[in-house]
Amino acid sequence: PNYISVSDLANMINLKIEKLTRDLTKMGFANVTHNYILSKEYVELILMNYNYQLGDHALAVTPENVYDELRSPVNPKNLARRPPIVTIMGHVDHGKTTILDYLRKTSIVSQEHGGITQHIGAFQVETPVSKRKITFLDTPGHAAFLKMRERGANVTDIVVLVVSMDDSLMPQTLEALKHARKAGSQMIVAITKIDRISNVKEREKAIEKVSIDLMNNEVPIERMGGDVQVVTISARTGENMNLLEESIVALSDIMDLKAERGSNAVAEGFVIESEVKKSVGNVSTVLITKGLLRKGSILICGNTYCKVRSMSSEQRVSLAEAGPSTPVEITGWKNLPAAGDEVIQVKSEAIAKKYVAKKMAVIQTAKESKNVERINEQRASEA
Ligand code: GTP
Ligand code: MG
Numbered sequence: 058p059n060y061i062s063v064s065d066l067a068n069m070i071n072l073k074i075e076k077l078t079r080d081l082t083k084m085g086f087a088n089v090t091h092n093y094i095l096s097k098e099y100v101e102l103i104l105m106n107y108n109y110q111l112g113d114h115a116l117a118v119t120p121e122n123v124y125d126e127l128r129s130p131v132n133p134k135n136l137a138r139r140p141p142i143v144t145i146m147g148h149v150d151h152g153k154t155t156i157l158d159y160l161r162k163t164s165i166v167s168q169e170h171g172g173i174t175q176h177i178g179a180f181q182v183e184t185p186v187s188k189r190k191i192t193f194l195d196t197p198g199h200a201a202f203l204k205m206r207e208r209g210a211n212v213t214d215i216v217v218l219v220v221s222m223d224d225s226l227m228p229q230t231l232e233a234l235k236h237a238r239k240a241g242s243q244m245i246v247a248i249t250k251i252d253r254i255s256n257v258k259e260r261e262k263a264i265e266k267v268s269i270d271l272m273n274n275e276v277p278i279e280r281m282g283g284d285v286q287v288v289t290i291s292a293r294t295g296e297n298m299n300l301l302e303e304s305i306v307a308l309s310d311i312m313d314l315k316a317e318r319g320s321n322a323v324a325e326g327f328v329i330e331s332e333v334k335k336s337v338g339n340v341s342t343v344l345i346t347k348g349l350l351r352k353g354s355i356l357i358c359g360n361t362y363c364k365v366r367s368m369s370s371e372q373r374v375s376l377a378e379a380g381p382s383t384p385v386e387i388t389g390w391k392n393l394p395a396a397g398d399e400v401i402q403v404k405s406e407a408i409a410k411k412y413v414a415k416k417m418a419v420i421q422t423a424k425e426s427k428n429v430e431r432i433n434e435q436r437a438s439e440a
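The numbers in the sequence shown follow the UniProt record's numbering, run straight up by one, and end at 440.
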C-alpha cells in the first residue's frame, strides 16, 4: 500500500496523465513518466496540492486486489437466470460419490453427446422433467474450495447434505452443517441408501430417526415447519433421484439466482482444477460466474494468463461460448494457474501481461515493506 505509479494516481484522481506529469515536474520531480513510482508520503503531498482527501483505502493496492479494477460494474440490465452451483457434503462413506456418479451417468447432457465422461471437478446436468441445468462441484473438501472459502468467495449456492439412513448424523455431517451455515449456503438434506431397508415400516422408522436427529441439531426441516427440504433417495437404485434434482431447481428458483451473461460484462470465474496434460499442455477447469467466455478470450489469473485455445465441456464437447455457472475445460495457459484462484477477462494479451507484471511488483513491494517493517521493529527493540 506504499507505492503507486503516476498513471494509476492520475486514474485515481481523474486527471490526465500528461497534466499530472507536468504538474509533478513543476513540483520538482525529475524525469517523470507514467511509470514513475511515487511513495505514499509524496502522494499525500501531491494530493494536498490538488486539495484531495486521501481515503484510508485509496492506496491500498494489495496482491489480492490488483486485478479488481479490471472487473466491470454490474449492469442490472444484463442479469439473467443462471443454474445453481451445488456441492454435496456429508460423512465419510455416506454416499456422496455414488450420488455424483449416478447424476453424471443419467445426465441428459452426457447421453445426448454420448461422450466418455472425464472427471473435471465440476459438471452440469439437465433435469429430466423441467429441463433445467444444475452445476455440481466435485469433492468440496479439496484445496480449491478451502482456498475460496478462506477468501470468503463462496461459489456454492446450495449444499446437499447427505445422510446415510442407517448411520444418521455423524461427526463429519455436523462439520458439513457448520461449513454450510458459515458460508451462508442454502441446504437440502438427502437421506440416502433407503434401498437398504425394504420393509416400509422399518424404513419409515429409520427416516424418522434421522429427521429427529436433524431437528436436534437445529436443522429446520420442512416437515417440522422449517424451510429445509428433505428428500429420501437411493443412489444405487436411482429411487427419488429426480426428486433431489427437482428440489434443487425449486430452491434455486426461490433464491432467484442471477448473473450477468453476454459479452457486455467482463467474464469472471474460478479455477477448480488444473494440470499439465501431455498432449495439450496446461489445462484448467474454470467455473464461470459472470459474462461470456469464447475461444480466443484472454484471461488473467494469479501470475499467469491464457488466450483460450480450446474450451470444452466435461463430455469433451467443444464449446464456442460458455456463460455463468458453466464449468469448462480450457487450454492455452502460459503457466499453470492455481486451483481456487480467480479468473478475470481482459481485452488483450498486452493488458494481461501488464497486470501480471503489476501484480508481481505489488507482491515484491509488499515483501520489501514487510522487511523494512521488520528491520525497524528490530532496531526499535534493540534501542
Ligand atoms: P467418501 O468419499 O469416502 O467420504 O465416501 P462417499 O460419501 O463418497 O461414499 P460412497 O459414495 O463412496 O459410498 C460408500 C459406500 O456406500 C459404497 O460401498 C457405496 O456403494 C455405498 N452406497 C452409496 N450409496 C448407496 C445407496 O444409495 N444404497 C446402497 N445400498 N449403498 C450405497
Ligand atoms: Mg467419495
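Each residue gets a CB set at the ideal place from its N, CA and C atoms; glycine is no exception.
Q. Beta-carbon separation of residue 352 and residue 123 under 9 Å?
A. no
(Q) Using a Cβ-Cβ cutoff of less than 7 Å, which residues in the same chain neighbour residue 74 once the five nearest sequence positions on both sides are dropped? (A) 63, 64, 67 and 91
Q) Considering only residues of the same chain and omitting the five flanking positions on each side of residue 366, which have a CB-CB separation below 7 Å? A) Result list for residue 366: 388 and 389, in chain order.
Q. Mind checking whether the beta-carbon of residue 219 lies closer than 8 Å to any heavy atom of ligand 1?
A. yes
Q. The beta strand (DSSP E) spanning residue 276 covers which residue range?
A. Element bounds for residue 276: n/a, residue is neither H nor E.
Q: Answer yes or no: do residue 156 and residue 244 have a C-beta to C-beta separation smaller than 9 Å?
A: In this structure, residue 244 does not lie closer than 9 Å to residue 156 by Cβ.
Q.
Buried or exposed for residue 82, going by 16 or more other Cβ atoms inside 10 Å?
A. exposed
Q: Thinking residue 333 and residue 184 are a contact (beta carbons under 8 Å), I'd like their distance in whole angstroms, please.
A: So it is not a contact: roughly 35 Å between Cβ atoms.
Q: Decide if residue 311 is buried, meaning its Cβ has at least 16 other Cβ atoms within 10 Å, or exposed.
A: exposed
Q) Is DSSP giving residue 138 helix, strand or coil here? A) It is a strand residue.
Q | Any non-hydrogen atom of ligand 1 within 8 Å of residue 292 CB | A | yes
Q: Ignore the nearest five residues each way along the sequence and tell me which others in residue 303's own chain have a CB closer than 8 Å to its CB.
A: 184, 186 and 187
Q) Sorry if obvious, but does the Cβ on residue 351 come closer than 8 Å to a heavy atom of ligand 1? A) no
Q) Out of curiosity, what's the CA-to-CA distance linking residue 350 and residue 329? A) When rounded, the distance between both Cα atoms is 16 Å.
(Q) Please tell me whether, using a cut-off of 8 Å, the distance from the CB of residue 250 to the nearest non-hydrogen atom of ligand 2 is below it. (A) no
**Q.** residue 247: first and last residue of the uninterrupted beta strand (DSSP E) it sits in
**A.** 243-249
Q | Below 6 Å from a heavy atom of ligand 2 - residues by beta-carbon | A | 153 and 154
Q.
Contact defined as beta carbons within less than 8 Å: I believe residue 219 pairs with residue 151. What is the distance between those atoms, to the nearest angstrom?
A. Contact between residue 219 and residue 151 holds: their C-beta atoms lie close to 5 Å from each other, under 8 Å.
Q) Who are the near neighbours of residue 281 in its chain, counting only those whose CB is closer than 8 Å to its CB and skipping five residues on each side? A) 268 and 272
Q. Counting along the chain, where does the alpha helix (DSSP H) carrying residue 63 start and finish?
A. Residue 63 -> alpha helix (DSSP H) spans 63-69.
**Q.** Nearest candidate by alpha-carbon position, reference residue 412, set 84, 347 and 358
**A.** Nearest C-alpha to residue 412 among 84, 347 and 358: 358.
Q: Can you tell me which of the three DSSP states residue 131 falls into?
A: coil
Q: Enumerate in chain order the residues of its own chain whose CB-to-CB distance from residue 393 is below 8 Å, with the five nearest sequence positions on each side excluded.
A: 331, 332, 333, 339, 341 and 361
Q) Does the pairing of the stretch 314-321 with the stretch 133-140 give three or more beta-carbon distances under 8 Å? A) yes
Q | Among 435, 346, 373 and 127, nearest to residue 141 - alpha-carbon criterion | A | Closest option to residue 141, Cα to Cα, is 346.
Q: Please name the residue in 431, 61 and 410 whose C-alpha comes closest to that of residue 98.
A: 61
Q) Within 8 Å: the Cβ of residue 224 and any heavy atom of ligand 1? A) no
Q. Is there at least one non-hydrogen atom of ligand 1 closer than 8 Å to the beta-carbon of residue 149?
A. yes
Q: Could you pull the start and end residues of the beta strand (DSSP E) that residue 26 belongs to?
A: Since the first residue shown for the chain is 58 and the last is 440, residue 26 is missing from the structure and cannot be characterised.
Q | Sequence ranges, beta strand (DSSP E) only - wholly within the stretch 300-348, length at least 3 | A | 315-317, 325-334 and 338-347
(Q) Can you give me the C-alpha to C-alpha distance between residue 292 and residue 285, rounded to a whole angstrom? (A) Between the alpha carbons of residue 292 and residue 285 lies a gap of roughly 20 Å.
Q: Would you identify the three-state DSSP class for residue 409, choosing helix, strand or coil?
A: helix
Q) Under three-state DSSP, which class holds residue 268? A) helix
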